[in-house]
Amino acid sequence: MATTEPDVDWHGGDSSVNHLRGRAFEAACLAATAFGLVSVLLLLLFVANDAFRPLSADSGWLLTYAATVLVPLAALAVYYYRLDEPAGEVAYVTSGLPVVGVLLTGGFAVMFIELLSILEWFALVTSLVAAGGLIVAHGRLRPDAALERLVVLFGAPIVTVLGTPPAQFNWLVTDLAAALGVDFGLYHRVISLREVLLRLPYVPTNWLLLLGTLVAPLAVAGGVFVARRRDSRRAGVAVVGATLVGALAGLVTGPALGIGYGGWMLLVAFVALPVGIYVEGVVGRREGVRGLAFPVTAVLGVAVGSVVVEAAGFAGPDSWIDWGFLTSATSRTAADAGIYPAMVGSVMMIIVIVLATFPVGVGAAIYLEEYAPSEGPMGKFVTLVEINIGNLAGVPSVVYGLLGLALFIRIVQWPQGSIVVAGLAVGLLILPIVIISSQEAIRSVPDSFRQASYGMGATRWQTIRQVVLPEALPGILTGTILALGRAIGETAPLLMIGAAASVRLAPNGFFDVAGMMPRQIYSWSSELEPAFRHGVLAAGVITLLAVLLVMNATAIVIRNRYQRE
1 MATTEPDVDW HGGDSSVNHL RGRAFEAACL AATAFGLVSV LLLLLFVAND AFRPLSADSG
61 WLLTYAATVL VPLAALAVYY YRLDEPAGEV AYVTSGLPVV GVLLTGGFAV MFIELLSILE
121 WFALVTSLVA AGGLIVAHGR LRPDAALERL VVLFGAPIVT VLGTPPAQFN WLVTDLAAAL
181 GVDFGLYHRV ISLREVLLRL PYVPTNWLLL LGTLVAPLAV AGGVFVARRR DSRRAGVAVV
241 GATLVGALAG LVTGPALGIG YGGWMLLVAF VALPVGIYVE GVVGRREGVR GLAFPVTAVL
301 GVAVGSVVVE AAGFAGPDSW IDWGFLTSAT SRTAADAGIY PAMVGSVMMI IVIVLATFPV
361 GVGAAIYLEE YAPSEGPMGK FVTLVEINIG NLAGVPSVVY GLLGLALFIR IVQWPQGSIV
421 VAGLAVGLLI LPIVIISSQE AIRSVPDSFR QASYGMGATR WQTIRQVVLP EALPGILTGT
481 ILALGRAIGE TAPLLMIGAA ASVRLAPNGF FDVAGMMPRQ IYSWSSELEP AFRHGVLAAG
541 VITLLAVLLV MNATAIVIRN RYQRE
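Okay, so the sequence shown: first residue is 1 according to full-length UniProt numbering, each after it adds one.
(1) With DSSP collapsed to three states, give me the class of residue 502.
(2) Counting only the same chain and skipping the five closest in sequence on each side, list residues whose C-beta sits under 6 Å from that of residue 264.
(3) Pick out whichever of 115, 242, 370 has its Cα sitting closest to the Cα of residue 460.
(4) Taking 7 Å as the limit between beta carbons, can you name the residues of its chain near residue 402, skipping five residues before and five after?
(5) Using the C-alpha atoms, what's the distance from residue 427 back to residue 354?
(6) May I ask you to list the residues that DSSP assigns as paired with residue 513?
(7) Which class does residue 525 belong to by DSSP, given the choice of helix, strand or coil?
(8) Check whether the Cβ atoms of residue 163 and residue 191 lie closer than 7 Å to each other.
(9) Measuring only the C-alpha atoms, how far is residue 20 from residue 531?
(10) Could you check which residue in 474, 106, 535 has the C-alpha nearest to that of residue 266?
(11) So residue 409 and residue 421 are in contact, right, with Cβ under 8 Å, and what is the actual spacing, rounded?
(12) Which same chain residues, not among the five before or five after residue 352, have their C-beta less than 8 Å away from its C-beta?
(13) What is the rounded straight-line gap between the Cα of residue 475 and the Cα of residue 444?
(14) Using only the alpha-carbon positions, how far apart do residue 487 and residue 430 sit?
(15) With respect to the alpha helix (DSSP H) encompassing residue 320, which residues constitute its N-terminal and C-terminal limits?
(16) Tell me which same chain residues have a C-beta within less than 8 Å of the C-beta of residue 220, skipping the five on either side of it?
(17) How big is the Cα-Cα spacing for residue 193 and residue 133?
(18) Tell me where the alpha helix (DSSP H) around residue 127 begins and ends.
(19) By DSSP, does residue 111 sit in helix, in strand, or in coil?
(20) Give the secondary structure of residue 169 by DSSP, where H, G and I count as helix, E and B as strand, and everything else as coil.
(21) So residue 310 is in the alpha helix (DSSP H); what residue range does that whole segment cover?
(22) Alpha carbon to alpha carbon, how far is residue 27 from residue 36? Give it in angstroms, no decimals.
(23) Measure the Cβ-Cβ separation of residue 515 and residue 345 and say whether it is below 7 Å.
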């Protein structure tokens, strides 16, 4: 017997719903977003105009580069946006990879100039590799000795890099020996492997050390990646061989082009190798190949424009940002002012922040998400800790500067305004952000993954290390890089810990007093000369923004890549 469905009234069934409020809210959100984007764009254009001064160039120079660079690139961008989105992504990556590679090249070049010689780099890398070998060997020989493994994990790098102090200068060893009734016999200092290598009477030349400790490992890593992607060992060997040949070619072609062999090798390792691997992957999967035309068009456009401008004698813009600004120290004269020492200080500060914040932040997130109890008195305490971490993320940055002043300068007695104090103070500022973002990334891993790992007999730590962390790594890295982007632009903590307003020499160590880019820019803003406040300051802001944009773009690329996988 057939039954009839009863009539069910639903809200809006009589078409009497008023959509005006929803449309008004949508329009308001769109207008607010557009206003914010346009305001930021206008601000950036205003600052960029002061920094680059494009109107100071001849009109012929502007028209030439507009015809050879801007118009073709704009046409390609519109084509990618409307008709070929995968090609647009390829164009973006192939244009951004060389920029990131050049920044890495500059960072390592600064490190070799200001911090470590190539010989010291070789000794440090060799010592760390030896420590890694000791850790792996101990894990295979004594797989069940968890406590020993922990001691070896932290002790091996210390011994190979720093050595051991005599027992009379090491209270921990002395107290442990007294408690156990054992005499360790450490009355004389044992020098480290790094010190042994530095004292060798004969060492290879610098180019060979750089090739063996930097270029070759990166080439091997790239070769392994390509070999696994194409399932061809021959392809991996070809990548390694091409990289090494390209690096060695710098011994001849580098000086001819005005580039030292060190700079050439760094460019091959950080620019040519990743760009070549990415282009090979694009050609191999045959998706978005048209995007490769974007960087080619840009390079050809610049080359053609340079030839035309040189032939016609057009004068370019009198820009504040040039090679002299990036490689010179600040000066009383605006035309001679540069940002090099402050840029080196910012890079060294970021190194301190990464080494101090990333392990602590990720470790805290792992404990809070995977180990901390959720019930009982300890569960309430953990909840209180998480609430406080969330509150600390909103504390003004000047408070962390005062904390750094009291803790690291007044109590620990470290030099005021030193890089290590600045890095730790700013690291405390972004530590809650790193913890929260890492927690969210770990929490996003499906619980079924953990249960499947436990069902196969894995322990909790094996599950975290082999299942949870690989899945959460994209979110962790993205949150960390974005936090570092905030850290590099903070000024208030630097003022509180006494960072130098102007430094003539780049720092040579982490305990040296140094300037940082935000502090230097703030100092330029108080200069009476208009050229500082409008020209040099704008150039410093653009330099800082360039570093921030590259860091944020790197985070986006990492996130998108791992999300696809």
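Here a beta-carbon is modelled for each residue, glycine too, at the ideal position from N, C-alpha and C.
Every value quoted in this text rests on a predicted model; they were computed, and no experiment measured them.
In short, the structure shows the following:
(1) Residue numbering aside, residue 502 sits at position 502 when the sequence shown is read from its first letter. In this structure, residue 502 counts as coil in the three-state DSSP scheme.
(2) As a position in the sequence shown, residue 264 is number 264, starting the count at 1. Only 250, 254 meet the Cβ criterion.
(3) Start at 1 with the first residue of the sequence shown, and residue 460 comes out as number 460. For the residues 115, 242, 370, the minimum Cα distance to residue 460 belongs to 370.
(4) Numbered from 1 along the sequence shown, position 402 holds the residue referred to as residue 402. Same-chain partners within the cutoff: 496.
(5) Taking the sequence shown and counting its residues from 1, one reaches residue 354 at position 354. Taking the sequence shown and counting its residues from 1, one reaches residue 427 at position 427. Whole-angstrom Cα-Cα distance: 8 Å.
(6) Walking along the sequence shown from the start, residue 513 turns up at place 513. Answer is 418.
(7) For the purposes of this step, residue 525 is taken as residue 525 along the sequence shown, with counting starting at 1. Helix.
(8) The count along the sequence shown starts at 1 and reaches residue 163 at position 163. The count along the sequence shown starts at 1 and reaches residue 191 at position 191. Contact: yes.
(9) For the purposes of this step, residue 20 is taken as the residue at position 20 of the sequence shown. For the purposes of this step, residue 531 is taken as the residue at position 531 of the sequence shown. C-alpha separation (whole angstroms): 52 Å.
(10) Within the sequence shown, the letter at position 266 stands for residue 266. The shortest C-alpha separation from residue 266 is found at 106.
(11) Translated into the one-based positions of the sequence shown, residue 409 becomes position 409. Translated into the one-based positions of the sequence shown, residue 421 becomes position 421. Indeed they touch by this definition, with Cβ atoms about 6 Å apart.
(12) Taking the first residue of the sequence shown as position 1, residue 352 is located at position 352. Cβ within range, chain order: 419, 420, 422, 423, 424, 427, 510.
(13) Numbered from its first residue, the sequence shown carries residue 475 at position 475. Numbered from its first residue, the sequence shown carries residue 444 at position 444. Distance between the alpha carbons of residue 475 and residue 444 is about 9 Å.
(14) Within the sequence shown, residue 487 is the residue found at index 487, counting from 1. Within the sequence shown, residue 430 is the residue found at index 430, counting from 1. Going by the C-alpha atoms only, they are around 7 Å apart.
(15) Taking the first residue of the sequence shown as position 1, residue 320 is located at position 320. Counting along the chain, residue 320 falls outside any alpha helix (DSSP H), and DSSP gives it neither H nor E.
(16) In the sequence shown, residue 220 corresponds to position 220, counting from 1. The residues are 240.
(17) On the sequence shown, position 193 is the one that residue 193 refers to. On the sequence shown, position 133 is the one that residue 133 refers to. Taking the straight line joining both Cα atoms gives about 13 Å.
(18) Numbered from its first residue, the sequence shown carries residue 127 at position 127. It spans 118 to 141 - the alpha helix (DSSP H) in which residue 127 sits, taken as one unbroken run.
(19) On the sequence shown, position 111 is the one that residue 111 refers to. Here residue 111 sits in helix by DSSP.
(20) Along the sequence shown, read from residue 1 onward, the residue named residue 169 stands at position 169. Because the pLDDT of residue 169 is 46, which lies under 50, any placement of that residue in the model is unreliable, and the number read from its coordinates should be weighed accordingly. Residue state, collapsed to three classes: helix.
(21) Here residue 310 refers to the residue found at position 310 of the sequence shown. Here the alpha helix (DSSP H) through residue 310 covers 293 to 312.
(22) Numbered from 1 along the sequence shown, position 36 holds the residue referred to as residue 36. Numbered from 1 along the sequence shown, position 27 holds the residue referred to as residue 27. Answer to the nearest angstrom: the Cα atoms are 14 Å apart.
(23) As a first step, residue 515 is located in the sequence shown; it is residue number 515 there, counting from the start. As a first step, residue 345 is located in the sequence shown; it is residue number 345 there, counting from the start. It is a contact, given that the beta carbons lie within the stated cut-off.
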